[in-house]
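Undergrad:
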Amino acid sequence: MSEFTREGLEPLATLGNDTPRIDAIERVTGQAKYTRDWKLPGMLYARVLRSPHPHARIVSIDTSAAEALPGVRSVITYENAQVVWGAGSVNGGRQYNDPTKDATIHRRYIFNNPVRFVGDSIAAVAATDRHIAEEALTLIAVEYEQLPFVLEPEQALEEGAPQVYAEGNLCPDFRGEFAPMISNIGDVEAGFAEADQIFEERYETGFIHNAQMEPRCSLAHWQGDKLVLYTPSQGISNCRHDTARDLGLQDHQVQIISKYMGGGFGNKNQNQDADLIAATLSRRAGVPVMLEYSRREDWLGVHGRWPTVQYYRVGVKDDGEVTAMEMRAYSGMGPYRKNSGGISGMDAYGCPNRYREIHPVYTNRTTSGNFRAPSEPHGHYGVENMMDEVAYQIGMDPVEFTLMNMRRPTEQQQFTNYSLEEVIRNGAERFNWQARRRVTPGSDEGPIKRGAGFSFMMFRAGVGTSSAIVRVNANEEYTLYVGVTDIGPGAKTTMGMIAAEALEVPLSQVEVVWGDTDRCPYSVGESGSRTTIMTGIAVVEAAEDLKRQIADRGMPTGSDVLIASATPTPTTDGMTRQCFGAHFVEVEVDTRIGATRILKYTTVHESGRIINPSTARDQIRGATIQGIGQALHEDLLYDPQSGQPLTPGYYRARHLTHKDIPDIDVHFIEVDDGYGPFGAKTAGESGIILAPAAVANAVANAIGKRMTSLPITRDKILGAMA
Amino acid sequence: MRDDKKQGKRSEQAPDQDPAVKYVDPLNPKQQSRRDFLEGTGTAVVAGAGISALGFPNAQAQSSTSGSRTAINVTVNGTGHSVDVDDRWTLAELLRDELDLTGTKIGCNRGECGACTVLMNGEPVYSCSQLAVWADGANIQTVEGLAQNGELTPVQQAFVVNNGPQCGFCTPGQLMTATALLNRNPSPSAEEVKDAMVGNLCRCSNYNAIVEAVVMAGEEGGVA
Chain A
1 MSEFTREGLE
11 PLATLGNDTP
21 RIDAIERVTG
31 QAKYTRDWKL
41 PGMLYARVLR
51 SPHPHARIVS
61 IDTSAAEALP
71 GVRSVITYEN
81 AQVVWGAGSV
91 NGGRQYNDPT
101 KDATIHRRYI
111 FNNPVRFVGD
121 SIAAVAATDR
131 HIAEEALTLI
141 AVEYEQLPFV
151 LEPEQALEEG
161 APQVYAEGNL
171 CPDFRGEFAP
181 MISNIGDVEA
191 GFAEADQIFE
201 ERYETGFIHN
211 AQMEPRCSLA
221 HWQGDKLVLY
231 TPSQGISNCR
241 HDTARDLGLQ
251 DHQVQIISKY
261 MGGGFGNKNQ
271 NQDADLIAAT
281 LSRRAGVPVM
291 LEYSRREDWL
301 GVHGRWPTVQ
311 YYRVGVKDDG
321 EVTAMEMRAY
331 SGMGPYRKNS
341 GGISGMDAYG
351 CPNRYREIHP
361 VYTNRTTSGN
371 FRAPSEPHGH
381 YGVENMMDEV
391 AYQIGMDPVE
401 FTLMNMRRPT
411 EQQQFTNYSL
421 EEVIRNGAER
431 FNWQARRRVT
441 PGSDEGPIKR
451 GAGFSFMMFR
461 AGVGTSSAIV
471 RVNANEEYTL
481 YVGVTDIGPG
491 AKTTMGMIAA
501 EALEVPLSQV
511 EVVWGDTDRC
521 PYSVGESGSR
531 TTIMTGIAVV
541 EAAEDLKRQI
551 ADRGMPTGSD
561 VLIASATPTP
571 TTDGMTRQCF
581 GAHFVEVEVD
591 TRIGATRILK
601 YTTVHESGRI
611 INPSTARDQI
621 RGATIQGIGQ
631 ALHEDLLYDP
641 QSGQPLTPGY
651 YRARHLTHKD
661 IPDIDVHFIE
671 VDDGYGPFGA
681 KTAGESGIIL
691 APAAVANAVA
701 NAIGKRMTSL
711 PITRDKILGA
721 MA
Chain B
1 MRDDKKQGKR
11 SEQAPDQDPA
21 VKYVDPLNPK
31 QQSRRDFLEG
41 TGTAVVAGAG
51 ISALGFPNAQ
61 AQSSTSGSRT
71 AINVTVNGTG
81 HSVDVDDRWT
91 LAELLRDELD
101 LTGTKIGCNR
111 GECGACTVLM
121 NGEPVYSCSQ
131 LAVWADGANI
141 QTVEGLAQNG
151 ELTPVQQAFV
161 VNNGPQCGFC
171 TPGQLMTATA
181 LLNRNPSPSA
191 EEVKDAMVGN
201 LCRCSNYNAI
211 VEAVVMAGEE
221 GGVA
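If you read the protein sequences in the order shown, they are chains A and B.
For the record, in the first sequence the residue sitting at position 406 is 406 according to our numbering, with numbers rising by one throughout.
For the record, in the second sequence the residue sitting at position 17 is 17 according to our numbering, with numbers rising by one throughout.
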């Protein structure tokens, strides 16, 4: 059994007390209704036809046989249904930004010609039954003219490489200019001149699919000129706005219903092409249409974490002071830029001279986009393995090296609170770091070797605008309206708990209305670790307003109600607000077969006040395990000759199963910094940021070889030991 | 009004689309037809003999099996059903679409994830990988058949108190495999739980909590 502790704050009346989810019964009895569980009268089923080629121009498409198949009601293709999927490709990867979408150079459509990756969509069919729709796809005749393709981001920038777009393979930035993302702090060359030693290394990381259990789907239903969409969404307000924009509607003409959803991890931000395809088919057919993606389509057709190549250079003095850090990197975005391609981690260091240059690059692989902490885990892996290697090379303990070089508050940039040093020291002591790490990496005798690794982070916990409405009736029954969806972390319960605490009533007196844009106010969406803080602040503010109304006017009587709404614009008074974490892991590597086993895993996080302990604990445990999968198993391999993806799916991507899972110990240091709802910060993305870095460092400590490529599969360990 | 706005905004040729393709209103059923386009370009239609990247052969017509049905008798959660099933239906489709038991989830539809696990004559099976016709004469239990008269089973109760579901999509399958385990081994160890449940994936990776919950359910006396 894994350990779970908390220290620093006493529980309040509701917050900080272990609370079963308010919808737990629905979730364990099969009553929770997910998108595919809805049925509407006359509903059709839809399927999408996708490109089997990595890059091709469609010469012709003939849908007549499909249209003639009994039961087929609508067939749409790139020829007769050109809908821009605004969130599908955005200059600079800037999301939620209409002007940028308007200026975007390389747009993605719901169907595309030319096709630019295996899985690019070209047509869709709606039929009375899903088997007929699938059969109809086989009747669509497509003639392709195959084009040269490129898979690797570095190769894509070489002279003479196949061009994904005529303008070249470097993605345009948010201004529409073809330039890398550069961050330049201090004077990096002066920093290298100060250094006693300079270290260099190349790191690379793989594509990781979100692989949420519920494949993408969408049920579209037109009521006159109003579109009702049942869809799994990590942000119903954003999904509504994106969908309305793409279809040329006003926001109020679109209703998004997303009650229960089977996970997202960034896979279901904004709207998706499935929403637009289902809406278009439904409009044409005149009846509701349910579009279901297969697991393989979801794997290849949507997006996952971008693969990267990272070149580091670090200058260090003999006493361990880092004087310069430089990274030049490449992020493989696939053929559409859904997100930035960012690579984070260097900012966790205080070194005054830092240069970072990231080239987001088009390739003919599947599209890259958001995955839980989009820019962080692969970046922390690269930076922290680089720095771990430097520490061992100069004979320092990596923990001491980190404490010497990590970013700390300065007069120019203060923090609302800073507990990184406490988090690291606490973790090192709990884990017994000094006993578990090998001072000389790889020094265990024999083929089975043990070692320990560590990683640390600070991650944004900023405040921002969201909305909430609270109502009370004469029976003192409170109703909270929040535009959240319950993607898995438990936002519905968390929001109810915050309301109960602020209203000073038991949670059982609070009903939560969620997941429906016609019933709920704007919420920021379940992405960027924002819901708990931002919507939570709005809930507190609305509750305070309602309490004042009750104090002034008394409880309502009869059929009267009192209502309060809030859309606050909180600030952190010029300070930065961060959550903090450190992971310590011990591994055992059997160097004869290259297998890595995790023996002990200790996590320490400062995420502000913990609202619901068990769900916060499982955010850390689950994200950590996802990160272990990224470290050791998951990738999407392509055949370089044919451009075909080889490992889509849980089995071939080698996803972790029950038997692979170590106990993850979770320790929270709780702090109320005076910002956020009752001092709460975030926990949703923290765990995955640190796991790949810590696991890879542990493997290096065990075997004495730095593993510079994720995932650290058996063949790579065998190769390193050979 | 919507159409006016659309035309004004998007009537120009998008730069990255095939220049031969004219803009067509996506929501207007009276769109330009594909045949108009093909006739205009004089392109002959040739069936692409491509690889089927996504499991769908993209060229050849296959003979339809729709309409081929078989009458079966199946007991689900204690209730007998005589159903005329399409021979192509999986057991998951029968349960979800015909019997409205949507608690059983389809995560991969190809026997990889276990979200669709149900008990067939007491044994856990992937209902996505069983044809409905094979269930003739079988006794099926789904997640809807666990609680009796609103009373949760110990393993369901343990999932409630130990946060067994995160997104909840794998939960029905996890519960069914756990139920089968607890039926034959009322007090399993954590290792025994992991062995039995290896075929049930959880991408929220809530594995620690799930194993703890099943062990907890066992300690409290197994499934009644």
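Using N, Cα and C, we set each Cβ at its ideal position, and we do this for glycine too.
Keep in mind the model is a prediction, meaning the values are calculated, not measured.
Secondary structure at A:V781, three-state DSSP: helix, strand or coil?
TA: Chain A is shown from 1 up to 722; residue 781 of chain A falls before or after that span and cannot be answered.
Undergrad: Does A:P99 come out as helix, strand or coil in the three-state DSSP assignment?
TA: helix
Undergrad: Taking a contact to mean a Cβ-Cβ separation below 8 Å, would you say A:E526 touches A:A499 in this structure?
TA: At a Cβ-Cβ threshold of 8 Å, A:E526 and A:A499 do not count as neighbours.
Undergrad: Hey, how far is the Cα of A:Q641 from the Cα of A:S51?
TA: 17 Å
Undergrad: Check the DSSP bridge columns for A:S331 and list the partner residues they point to.
TA: A:T308 and A:P360
Undergrad: Considering Cα atoms alone, identify which of A:V142, A:S121 and A:T363 is closest to A:L49.
TA: When each option's Cα is compared against that of A:L49, the closest is A:S121.
Undergrad: Which residues does DSSP list as the beta-bridge partners of A:F456?
TA: A:A582
Undergrad: Of all Cβ atoms in chain B, is any one closer than 8 Å to the Cβ of A:M497?
TA: No, A:M497 does not count as interfacial toward chain B.
Undergrad: What are the residues of the stretch 208-221 of chain A that lie near chain B, defined by any Cβ-Cβ distance shorter than 9 Å?
TA: Against chain B - using a Cβ distance shorter than 9 Å - the residues of the stretch 208-221 of chain A are N210, A211, Q212, M213, E214 and P215.
Undergrad: Count the other CB atoms, across all protein chains shown, that sit within 10 Å of the CB of B:S63; report buried if there are 16 or more and exposed otherwise.
TA: Because the pLDDT of B:S63 is 43, which lies under 50, any placement of that residue in the model is unreliable, and the question is left without a value.
Undergrad: So, are the CB atoms of B:A132 and B:L181 less than 8 Å apart?
TA: no
Undergrad: How about B:G231 and B:K105: are their beta carbons less than 8 Å apart?
TA: What the structure shows of chain B is the stretch from 1 to 224, and residue 231 of chain B is not part of that stretch, so it cannot be assessed.
Undergrad: Check whether chain B comes within 8 Å of A:Q95, counting only Cβ atoms and requiring the distance to be less than that.
TA: no
Undergrad: Figure out for me which residue from A:S258, A:A348, A:C217 and A:R425 has the closest Cα to the Cα of A:Q234.
TA: Here the closest residue by C-alpha is A:S258.
Undergrad: Would a check of beta-carbon distances place A:V164 closer than 8 Å to chain B?
TA: no
Undergrad: Mind reading off the beta-carbon distance from A:A81 to A:I110? Whole number of angstroms is fine, and I expect it under 8 Å.
TA: 7 Å
Undergrad: From the DSSP output, in three-state form, read off B:N185 for me.
TA: If DSSP states are grouped into helix, strand and coil, B:N185 belongs with coil.
Undergrad: Per DSSP, what kind of secondary structure is A:F174 in: helix, strand or coil?
TA: Looking at A:F174 - three-state DSSP - the assignment turns out to be coil, as it is neither helix nor strand.
Undergrad: Where does B:D16 sit, in a helix, a strand or coil, going by DSSP?
TA: At B:D16 the pLDDT is 46, less than 50, meaning the model places this residue with poor confidence and gives no usable figure here.
Undergrad: If you draw a straight line from the C-alpha of A:P447 to the C-alpha of A:V585, how long is it?
TA: 20 Å
Undergrad: Thinking C-beta only, is A:V150 closer than 8 Å to A:H53?
TA: Pairing A:H53 with A:V150 gives a Cβ-Cβ distance that is not under 8 Å.
Undergrad: Rounded to whole angstroms, what is the Cα-Cα separation between A:Y381 and A:M346?
TA: 11 Å
Undergrad: For A:I182, which residues from the same chain have a beta carbon less than 6 Å from its beta carbon, with the 5 sequence-adjacent residues on both sides left out?
TA: Within the same chain, A:I182 has close Cβ partners E357.
Undergrad: Out of A:T591, A:V188 and A:P352, which has the shortest C-alpha to C-alpha gap to A:R328?
TA: A:V188
Undergrad: Does the pairing of the stretch 59-76 of chain A with the stretch 216-227 of chain A give three or more beta-carbon distances under 8 Å?
TA: no
Undergrad: The alpha helix (DSSP H) with A:D715 in it runs from where to where?
TA: The continuous alpha helix (DSSP H) containing A:D715 extends over residues R714 to M721.
Undergrad: Taking C-alpha atoms, which residue in A:V125, A:L147 and A:S455 lies nearest to A:L137?
TA: A:V125
Undergrad: Buried or exposed: which applies to A:G554, given that a residue is buried once 16 or more other Cβ atoms fall within 10 Å of its Cβ?
TA: exposed
Undergrad: Rounding to the nearest angstrom, what Cα-Cα distance links A:E670 and A:L9 in this structure?
TA: 6 Å
Undergrad: Is A:D789 near A:I394, with beta carbons less than 8 Å apart?
TA: Nothing about residue 789 of chain A can be read from this structure; chain A reaches only from 1 to 722.
Undergrad: Kindly indicate which three-state DSSP category A:C727 falls into: helix, strand or coil?
TA: In this structure chain A extends from 1 to 722, so residue 727 of chain A is not present and cannot be described.
Undergrad: Cβ closer than 8 Å: which chain B residues qualify as neighbours of A:V90?
TA: None at all; the shortest Cβ gap to chain B is about 13 Å.
Undergrad: Going by DSSP in three states, A:S2 sits in which element: helix, strand or coil?
TA: coil
Undergrad: On the CB-based measure, 16 or more other CB atoms within 10 Å of its CB, does B:N73 come out buried or exposed?
TA: exposed
Undergrad: Would you kindly check if the distance between the Cβ of A:P489 and the Cβ of A:Q619 is under 8 Å?
TA: yes
Undergrad: Can you tell me which residues form a DSSP beta bridge with A:W222?
TA: DSSP links A:W222 through a beta bridge to A:L227.
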